[in-house]
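Chemist:
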Amino acid sequence: MDILIVFEAKEGQAHRMSLEAVAAAQSMAKELNLTTAVLVMGKDAKSLAENASALDVGEVLTLEHDLLSEYSADGYTEALKQIIAQESPSYVVMGYTYQARDWVPKVSAQLTIPYISDVISVKAEGESPVFTRMVYNGKLISDITPTGGETAIVSFQAAAYPEDSVISGSAETRSVEVELGASMISTVSEPPFQEESGGVDLSGAEVIVSVGRGIGKEENIPLVEALAKSLNAEVGSSRPIVDAGWLPTFRQVGSSGQSVAPKLYLALGISGAIQHIVGMKGSKNIVAINKDAEAPIFEIADYGVVGDILEILPKLTEAIEQ
Amino acid sequence: MKIGVLVKQVPVSDSSLRVNPDQLWVEEGSLNFEMNENDSYALEEALQIKEQSGEGEVVAISMGPADRTPKIIREALSKGADRGIHIVESSSHESDPYILATLFNEAVKDEGFDLVLSGLQSDDMSTGQTGLILGELLGMSTATMVVETEIQGENLKVKRELESGWFQWVTLSLPACVTIQSGINQPRYASLKGIMSAKRKEIRELQKDELMTGDSLQSLSKMYVQHKDKRTEMIEGDTQEIVSRLVDVFKSEAKVL
Ligand SMILES: Cc1cc2nc3c(=O)[nH]c(=O)nc-3n(C[C@H](O)[C@H](O)[C@H](O)COP(=O)(O)OP(=O)(O)OC[C@H]3O[C@@H](n4cnc5c(N)ncnc54)[C@H](O)[C@@H]3O)c2cc1C
Ligand SMILES: Nc1ncnc2c1ncn2[C@@H]1O[C@H](COP(=O)(O)O)[C@@H](O)[C@H]1O
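Protein sequences, first through last, are from chains A and B. Letter 122 of the first sequence, counting from 1, is numbered 385 in the working numbering, and no numbers are missing. Letter 183 of the second sequence, counting from 1, is numbered 182 in the working numbering, and no numbers are missing.
(1) Taking only beta-carbon positions, decide if A:Glu442 is within less than 7 angstroms of chain B.
(2) Between which two residues does the beta strand (DSSP E) holding B:Met0 run?
(3) According to the Cβ coordinates, are A:Leu531 and A:Ile552 closer than 7 angstroms?
(4) Hey, could you find the ends of the alpha helix (DSSP H) A:Trp509 is sitting in?
(5) Rounded to whole angstroms, what's the CA-CA distance from A:Ala536 to A:Gly401? Just pull it up for me.
(6) Which residues, in chain order, does the stretch 115-139 of chain B contribute to contact with chain A at a C-beta distance below 7 angstroms?
(7) For A:Tyr424, does the count of other Cβ atoms within 10 angstroms reach 16, so buried, or fall short, so exposed?
(8) Of the residues A:Lys309, A:Met264 and A:Val303, which one's Cα is nearest the Cα of A:Ala292?
(9) Whole angstroms are fine: how far does the CA of A:Ala421 sit from the CA of B:Ala175?
(10) Does A:Val568 have its Cβ less than 7 angstroms from a Cβ in chain B?
(11) List the DSSP bridge partners of B:Trp168.
(12) Name the chain A residues whose beta carbon is nearer than 9 angstroms to that of B:Ser243?
(13) Would you verify that the beta carbon of A:Ala372 is, or is not, closer than 7 angstroms to some beta carbon of chain E?
(14) Looking at chain A, which residues of the stretch 212-223 of chain B have a Cβ within less than 9 angstroms of any of its Cβ atoms?
(15) Would you say B:Lys158 lies against chain A (beta-carbon separation less than 7 angstroms)?
(16) For B:Thr148, which residues in chain A fall below 9 angstroms Cβ to Cβ?
(17) Going by DSSP in three states, B:Ala253 sits in which element: helix, strand or coil?
(18) Give a single yes or no on whether B:Gln217 has its beta carbon closer than 6 angstroms to a heavy atom of ligand 2.
(19) With three or more C-beta pairs closer than 8 angstroms as the rule, is the stretch 272-289 of chain A touching the stretch 365-375 of chain A?
(20) Strictly by DSSP, which residues pair up with B:Asp113?
(21) Distance, Cα to Cα, B:Trp168 vs A:Arg364?
(22) Mind listing, in chain order, the continuous beta strand (DSSP E) runs of no fewer than 3 residues lying wholly within the stretch 27-78 of chain B?
(23) How many angstroms separate the CA atom of A:Val439 from the CA atom of B:Thr129?
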């Protein structure tokens, strides 16, 4: 195959971003006339293979090995290295998941092949693809081309290619093998766990008033709480507010925190980094207030105000209370 | 415990950015630079690990132009790093994480670090790769997105952040190279005494052009502003007008009032 799509499991099924990577690979395959295959590995390989064989891909490669049943960066790196050697794909694609962040650069380093991370789109320039990714926190974008190696690895940003654009089909499965030894794995991992949620489930909230670093200092947080109260809303926040200890962890919205989809999401002094956006973009009405007219949050907001939240918030609360 | 920390200078977060006429980089002339946020967490973690173990050294390592990079290294020294290494580049057009990592490897491979810390990603290029590739080149065990560390004899135990509020403990053998996620600690401010003593600390300069690198694996061919496709209704006017339109939106569009 030309494009090898690496699947990741989430709760036993294909990760949403793996399906998005299929959408990306299918679009690349069409534009550049390439063939595709999916690689599934780990303890959920069987169910992933079922997911993958219902897609319009060339074939599904199943890799089962005791040392791959639990994820380890070293194990996955070694496995993919051997598969690349056996199958010589021109491109290896996947979602830019937290797991991908942890191991894929190692494959690139060990094989000295390019790895272009966090890509938002691919376009064909002649025979070869050009990959686009965000730089400067989403304020600018850049075109990147792989320049070395027989194989290039590419990972796609969340929602860059929508999951619902994946073309279904039916694909045969083929099992593949690698040689792994316990001495290749230098880390010992304990089972994943979740921290106390504090009892607040933002995912059910109808209105969320969410605060970002633009609030300036901890003493200003009550301005946000007052507005939330007037709207009968839950308070949400971006990561830096939680990092600073101004609000508890369970208020954090985004890829590391909660995913929410309220009727109204107010983003106050939040710049709109992708890790925040993925947690709230499903909201029905997004209202952003930010003093920077170029803030990326305005790309996804339905209503935008370029202004100072410290000035607007008290007046807004007052107006609602009347 | 001998610890290396990568600290990068990046434009301050609310900078207004303009692309150069060659469309390959931003105009840097008028920008102010600061320490990459995740790197300041990495630095703090390195200082705390050293303080807990009661001995050792923290070395702040940075690559960048001569005008602004020493300031960032100096900041690390004022907070308590023991010395600095500056890879001097004439312009800052390096965007290939593999090349960056090979340069760092050349600069530090003889240091014999027990631990190398870096930010999980930079605020400008954000490839999220430099630290991990360096770990590979140095032959160290690696882990990413670390939110807690614990030295246990010959091992390093780290708490890694997974998606959607999940975590996992992973034990690595030293030497190790890990990337740090924000929120792991509360970075300190430099004290006056720290600022004074930083002036006497060594910053070793290396020229980028004199370090060996391999061929680059990717190249940036164009940088530009993304065109917007979603239509946002921008609400304008004085504060009173803005407030009344917002209330109107809450009532008649979102229907939450
Ligand atoms: C792996 C990973 C996971 C992450 N997970 C998450 C996550 O789950 N959730 C999350 O939120 N982030 C997450 N982040 C961090 C994310 O990348 C951003 O750094 C973060 O979202 C930025 O928060 P912010 O918008 O509040 O701050 P900033 O980006 O600093 O933005 C502050 C904004 O406030 C504006 N502003 C300043 N003063 C005012 C004022 N007076 N009035 C109005 N506007 C003002 C500024 O113009 C700016 O746009 C993650 C990052 C990584 C790498
Ligand atoms: N020029 C640089 N100088 C110092 N550290 C850097 C540099 N570039 C990258 N790094 C380090 O590598 C991390 C990841 O950067 P990146 O791979 O660009 O996302 C950063 O958080 C820094 O710790």
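We put the beta carbon where it would ideally sit given N, CA and C, even for glycine.
Modeler: In terms of the structure at hand:
(1) Within the first sequence, residue 442 of chain A is the residue found at index 179, counting from 1. Chain B, which has no Cβ nearer than 7 angstroms to the Cβ of A:Glu442, makes this no.
(2) Looking up residue 0 of chain B in the second sequence gives position 1. Unbroken run through B:Met0: none, as it is neither H nor E.
(3) On the first sequence, residue 531 of chain A is found 268 positions in, with the first residue counted as 1. On the first sequence, residue 552 of chain A is found 289 positions in, with the first residue counted as 1. Yes. Within cutoff.
(4) In the first sequence, residue 509 of chain A corresponds to position 246, counting from 1. Note, A:Trp509: premise wrong, no alpha helix (DSSP H); not H, not E.
(5) Position 273 of the first sequence, counted from the start, is the residue given in the question as residue 536 of chain A. Position 138 of the first sequence, counted from the start, is the residue given in the question as residue 401 of chain A. A:Ala536 and A:Gly401: Cα-Cα distance of roughly 7 angstroms.
(6) Asp122, Asp123, Met124, Ser125, Thr126, Gly127, Gln128, Leu131, Ile132, Glu135 and Leu136
(7) In the first sequence, the residue the question calls residue 424 of chain A occupies position 161. Flag for A:Tyr424 reads buried.
(8) Locating residue 292 of chain A in the first sequence gives position 29, where the first residue counts as 1. When only C-alpha atoms are compared, the closest one is A:Met264.
(9) Residue numbering aside, residue 175 of chain B sits at position 176 when the second sequence is read from its first letter. Residue numbering aside, residue 421 of chain A sits at position 158 when the first sequence is read from its first letter. Between B:Ala175 and A:Ala421, the C-alpha separation is close to 29 angstroms.
(10) Residue mapping note: residue 568 of chain A aligns to position 305 of the first sequence, counting from 1. Yes, A:Val568 counts as interfacial toward chain B.
(11) Numbered from 1 along the second sequence, position 169 holds the residue referred to as residue 168 of chain B. Answer is B:Lys158.
(12) Sequence index remark: in the second sequence, residue 243 of chain B carries index 244 (1-based). Residues of chain A passing the Cβ test: Ala582.
(13) Of the protein chains in the structure, A and B, none is chain E.
(14) Gly213, Asp214, Ser215, Leu216, Gln217, Ser218, Leu219, Ser220, Lys221, Met222 and Tyr223
(15) For the purposes of this step, residue 158 of chain B is taken as residue 159 along the second sequence, with counting starting at 1. With 7 angstroms as the cut-off, B:Lys158 does not count as an interface residue toward chain A.
(16) Here residue 148 of chain B corresponds to residue number 149 of the second sequence, with the count starting at 1. In chain order: nothing, as chain A lies at least about 14 angstroms away.
(17) Position 254 of the second sequence, counted from the start, is the residue given in the question as residue 253 of chain B. Residue state, collapsed to three classes: coil.
(18) As a first step, residue 217 of chain B is located in the second sequence; it is residue number 218 there, counting from the start. B:Gln217 Cβ: outside cutoff for every heavy atom of ligand 2.
(19) no
(20) For the purposes of this step, residue 113 of chain B is identified with residue 114 of the second sequence, where counting begins at 1. B:Asp113 pairs with nothing; no bridge assigned.
(21) Position 169 of the second sequence, counting from 1, holds the residue named residue 168 of chain B. Position 101 of the first sequence, counting from 1, holds the residue named residue 364 of chain A. Rounded to the nearest angstrom, the two C-alpha atoms are 17 angstroms apart.
(22) 32-34 and 56-63
(23) As a first step, residue 439 of chain A must be located in the first sequence, where it is residue number 176. As a first step, residue 129 of chain B must be located in the second sequence, where it is residue number 130. Their Cα atoms are separated by approximately 31 angstroms.
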